Ligand SMILES: Cc1cc2nc3c(=O)[nH]c(=O)nc-3n(C[C@H](O)[C@H](O)[C@H](O)COP(=O)(O)OP(=O)(O)OC[C@H]3O[C@@H](n4cnc5c(N)ncnc54)[C@H](O)[C@@H]3O)c2cc1C
């Protein structure tokens, strides 16, 4: 995660007249999903999983897979975006992000490839969905809705939408036996990772904000809101795509996923990105 979050730091552009453009790229690029909130949500999952192990429950294989998967994938994307924000300079060896990108890329391969993480997550949560008769994610959503009623500043209500959408998708996959296709299992693993990180981040940004990075609880809550919006939209839209693509049979599936509420929850996104962009510039000054 150190590399992942370092990928969010870009270096000053030495070319005359370029500072403003580069600064804007930082503001908007870094505030975008890959460069701040997804690495932070991956870090949040790592902290959450470590806390659970320290509390005496060593069986955190699925949680570890979610943390490893999202941290490495989003770190990789953050490094990629940092190169893009610097243009041609980002591609050169003189700029650190080129090396960060090479270093972080291997993390999606070794110690369990991303595909194997997706499979692990999907297999384990599929079992929980079956054993709980579909209650696993709905129960988690209910907890988030309770949190949202007292404090919704971290986007807990939106994370709950992601949780409820995952529950609907898993049930639809069960009824229509969609996981016979391995790709559906993998895609569900990806969507579950997004939904669970949104849920954990929304909770911890309020109840246990991290002190591992120089961001206030308020900033972490705004990051969490951005991630929750992205996770809910990804779960519902991609989930609809893959289940329809695999031949699901419910003509009202889109309604069950509550897409209108998920789109409505995107309100305030750019304002939040502006806020986080400014906080990133403050936290990582260029000079
Ligand atoms: C720099 C570096 C350091 C390493 N250090 C260590 C180390 O210290 N200890 C150690 O034990 N190993 C180490 N490895 C090996 C590393 O763990 C493996 O490269 C990794 O597990 C992937 O295995 P593979 O290379 O055989 O790829 P493969 O297993 O051939 O996978 C190739 C691609 O196919 C995908 N794939 C594989 N199986 C499936 C499947 N069933 N369904 C769908 N997709 C699938 C993979 O996700 C991957 O994208 C290191 C590798 C590198 C490059």
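Numbering (this note's numbering), first residue to last: 36 to 322.
No residue lacks a Cβ here, since even glycine has one placed at the ideal position from N, Cα and C.
Keep in mind the model is a prediction, meaning the values are calculated, not measured.
Any heavy atom of ligand 1 closer than 7 Å to the CB of residue i?
{"i": "residue 130", "result": "no"}
{"i": "residue 219", "result": "no"}
{"i": "residue 150", "result": "yes"}
{"i": "residue 141", "result": "yes"}
{"i": "residue 144", "result": "yes"}
Tell me the residue span of the alpha helix (DSSP H) that contains residue i.
{"i": "residue 111", "result": "96-120"}
{"i": "residue 258", "result": "252-268"}
{"i": "residue 144", "result": "Unbroken run through residue 144: none, as it is neither H nor E."}
{"i": "residue 152", "result": "149-166"}
Please work out which residues of its chain come closer than 8 Å, Cβ to Cβ, to residue i, disregarding the five sequence neighbours upstream and downstream, and give them in chain order.
{"i": "residue 173", "result": "198, 199, 202"}
{"i": "residue 221", "result": "150, 153, 154, 157"}
{"i": "residue 296", "result": "196"}
{"i": "residue 58", "result": "Low per-residue confidence applies at residue 58: pLDDT is 49, beneath 50, and the placement is therefore not dependable enough to give any value."}
{"i": "residue 76", "result": "105, 109, 232, 233, 235, 236, 258, 259, 262"}
Starting from the C-beta of residue i, find all residues in its chain whose C-beta is less than 6 Å away, skip the five residues before and the five after it, and write them out in chain order.
{"i": "residue 99", "result": "84"}
{"i": "residue 214", "result": "208, 220"}
{"i": "residue 141", "result": "none"}
{"i": "residue 268", "result": "297"}
Once the 5 residues before and after residue i are set aside, which same chain residues still bring their CB inside 7 Å of it?
{"i": "residue 228", "result": "101, 104, 105, 156"}
{"i": "residue 86", "result": "none"}
{"i": "residue 183", "result": "191, 192, 195"}
{"i": "residue 210", "result": "none"}
{"i": "residue 115", "result": "136"}
Please report whether the beta-carbon of residue i lies at a distance below 8 Å from any beta-carbon of chain B.
{"i": "residue 274", "result": "In the displayed structure, chain B is absent; only one protein chain is listed."}
Legend entry - Inter-stretch contact at 8 Å, needing at least 3 Cβ pairs: the segment 241-255 / the segment 272-288: no
Legend entry - the segment 252-267 in contact with the segment 234-244 per 3-pair CB rule at 8 Å: yes
Inset, instruction - Any chance you could list the alpha helix (DSSP H) runs of at least 4 consecutive residues sitting entirely within the segment 179-239, in chain order? - result: 191-210
Legend entry - Contiguous alpha helix (DSSP H) assignments of at least 4 residues, all confined to the segment 272-320: 274-280, 288-291, 294-299, 304-318
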